[in-house]
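Offset between the sequence shown (1-based) and my numbering: plus 35. As structure tokens, the structure follows; a few thoughts come after it.
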Amino acid sequence: MRSTFRALRNKNFAALLFGQTLSRIGDFLFQIALAWWVLEKTGSATAMGTVLFFSTLPMVVFVLVGGVVVDRMRRGLLLFMSDMARCFIMVVGAWLAFTDQLVLWQIYVIAILFGFADAFFLPAYNALIQQMVAEEDLPSANSINSLSMQFGRVAGPAIGGLIVGFGGTAVAFGFNALSFFIGALTVASLLNLPAPASTDQGGFTLKQFKEDLRDGFGTIFSTPVLWVAILVFAFTNITLAGPYSIAMPFLVQQELGGDEKMLGFIYAIFPIGYAIASLIMGSFQKIRHRGIVFYVCGAIAGIGLGVFGFGLPLYLLVIAALLNGAALEIDGLIWTNLMQEKVPPEKMGRVSSVDSLGSFVLLPIGFAFTGWLIDTIGVTSVFIAAGAVTAVISLLPLLHPVIRKLD
36 MRSTFRALRN KNFAALLFGQ TLSRIGDFLF QIALAWWVLE KTGSATAMGT VLFFSTLPMV
96 VFVLVGGVVV DRMRRGLLLF MSDMARCFIM VVGAWLAFTD QLVLWQIYVI AILFGFADAF
156 FLPAYNALIQ QMVAEEDLPS ANSINSLSMQ FGRVAGPAIG GLIVGFGGTA VAFGFNALSF
216 FIGALTVASL LNLPAPASTD QGGFTLKQFK EDLRDGFGTI FSTPVLWVAI LVFAFTNITL
276 AGPYSIAMPF LVQQELGGDE KMLGFIYAIF PIGYAIASLI MGSFQKIRHR GIVFYVCGAI
336 AGIGLGVFGF GLPLYLLVIA ALLNGAALEI DGLIWTNLMQ EKVPPEKMGR VSSVDSLGSF
396 VLLPIGFAFT GWLIDTIGVT SVFIAAGAVT AVISLLPLLH PVIRKLD
């Protein structure tokens, strides 16, 4: 267990982790508040899908720019600016909700602005960890970072369900604003970390920007284990994230007869599976047979989500959620280690942005389509179909010999 937490000896990493853990709690709390607000105000899965469409569209549009900027600027500064921007957005949202002026189009605007900030935050965060943590401690840092994410996923929905139930949307938005402010304060200690050494050459010109993008794509497409996975992500992110993010609130209300507290409880179960897997995997220096394990776990995750459509008792849904979370966590750790193994640190920002683009490029359309599909064929059918499609897509790459031989 000691080896799992060895990366915390790095004080900069520990400070970053503390602040972002609080931000993650606020983020997942906000998601519960947002989902239930849309459900109560509109009762429309299409509206829910549209909100998520607007939140992911800026990521697709700006993520490549964000990745190149990350490789040519101080990453701590980018994180600070992103946290402060999202804090301000949430303060405005909380004020609108408190004064009972919040309407759907304003939610769309908030979603767009958040997506824009995330396009810079996500590649900067991933690249900064690799920059400041010693190579031998990266498996530990990845595991701890994942534990932080899963803690936020457990605590955020649980707290969010209670806050929305007893305090309302405005309080939930305000809590999220506070979490971003605290996150920005902890990131302030990292403002003086230098930009990557390679950025001293060539200047930040349009020509250099295009060369950096070409370099990012070239690194991906020259490595089959990377581009195959990103292609799979492009489709399975739709079939997993759509039902999870859009259909789950409707399943809780329409099929389980629950409220926002039950929704928060169910959302909190998934990351417990993540956390269990993360604790176990963090003690391993390397996972064997990574190609087979990676894609089989993807299929297991699809099955774990698909069973939500079969009208099973709540305790069986809890088991399915744990299974889904554990499988996705193993996938996430394998993927992070593969990226750090195959990509040089000075290129991580641009390559991460290509990864994000591939993963998210179909997601806006997928979210909008999922919302329409729920209103058309019903919430349970969407879960069953999505689970089956995820399992099939996840197993197809095992036909490639390079994937099967990846150790």
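Just so you know, even glycine gets a beta-carbon here, dropped at the ideal spot from N, CA and C.
Requested in this report: Mind checking which residues open and close the alpha helix (DSSP H) that includes Lys76?
Outcome: Counting along the chain, Lys76 sits inside the alpha helix (DSSP H) bounded by residues 46-77.
Query raised in the report: Helix, strand or coil: which one does DSSP assign to Pro22?
Result: For residue 22 there is no data in the structure shown, the boundaries of the chain being 36 and 442.
Query - Top-ranked residue by Cα proximity to Ala42, from Glu290, Glu171, Ile145 - result: The alpha carbon of Ala42 has as its nearest neighbour, out of Glu290, Glu171, Ile145, the alpha carbon of Glu171.
Query raised in the report: Would DSSP call Met108 helix, strand or coil?
Result: coil
**Report entry** Opening and closing residue of the alpha helix (DSSP H) in which Ser181 lies
**Finding:** 173-201
Report task. To the nearest angstrom, report how far apart Arg323 and Gly78 are at their CA atoms. Result -> 47 angstroms
Requested in this report: Buried or exposed for Lys245, please, with buried defined as at least 16 other CB atoms from any protein chain shown within 10 angstroms of its CB.
Outcome: exposed
Query raised in the report: Cβ of Val126 within 9 angstroms of Cβ of Gly200?
Result: No Cβ-Cβ contact shorter than 9 angstroms links Val126 with Gly200.
Requested in this report: Would you tell me roughly how many angstroms separate the C-alpha atoms of Ile60 and Asn211, rounded to the nearest one?
Outcome: 8 angstroms
Report task. Tell whether a beta-carbon distance below 9 angstroms holds between Ser429 and Thr271. Result -> yes
Query raised in the report: Taking the alpha-carbon positions, what's the Val417 to Ile409 distance?
Result: 6 angstroms
Query - Whether Gly111 touches Leu157 by CB criterion (9 angstroms) - result: no
Query - As assigned by DSSP and simplified to three states, the class of Val328 - result: helix
Requested in this report: Note down the Cα distance separating Ile179 from Ile307, rounded to an integer number of angstroms.
Outcome: 14 angstroms
Query raised in the report: Quick one: is Asp235 buried, meaning 16 or more other Cβ sit within 10 Å of its Cβ, or exposed?
Result: The predicted position of Asp235 is uncertain, since its pLDDT is 49 and thus under 50; no value can be drawn from it.
Requested in this report: To the nearest angstrom, report how far apart Gln185 and Tyr309 are at their CA atoms.
Outcome: 6 angstroms
Query raised in the report: Any idea if Trp71 is buried or exposed, counting beta-carbon neighbours within 10 angstroms, 16 or more meaning buried?
Result: buried
Requested in this report: Counting only runs of 4+ residues fully inside the stretch 253-294, write out the alpha helix (DSSP H) ranges in chain order.
Outcome: 259-277
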